[in-house]
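Accompanying notes for the structure given below.
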């Protein structure tokens with residue numbers, strides 16, 4: 004599947020703010036994966052998993068500074084990994100808030 008075919012098959016609400024014709028799915032994989040995990044449908048997830056593969060998704064997610072807690076839990080469940088292995092988990096823990104203290 005080509006870059007453009009993949010981007011065009013994702014839900015249109017995910018990338019309303021970009022020009023899909025000039026968007027590079029390889030260069031911006033972390034951005035795409037994060038949006039799919041946080042706002043996408045199950046069909047978007049399946050398409051993304053098929054396009055990148057679970058290993059690439061996990062590797063990219065481990066480098067993200069922020070990721071919704073439910074999205075992080077989903078990735079951990081799908082890949083049998085621990086939250087502590089992800090940068091976003093440690094980043095979120097370093098900023099206590101009123102509702103997390």
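Residue numbers (my numbering): 4 to 104. We treat Cβ as the ideally placed atom computed from N, Cα and C, and that holds for glycine. Being a predicted model, the structure only gives us computed values, none of them experimental.
Where residue 82 is concerned, the enclosing alpha helix (DSSP H) starts and stops at 72-82.
Between residue 40 and residue 17, the beta carbon gap of about 11 angstroms keeps them out of contact (Cβ cut-off 8 angstroms).
Our two residues, residue 72 and residue 24, have alpha carbons roughly 31 angstroms apart in a direct line.
Distance between residue 44 and residue 51, taken at the CA atoms: about 11 angstroms. For residue 38, the enclosing alpha helix (DSSP H) begins and ends at 32-42.
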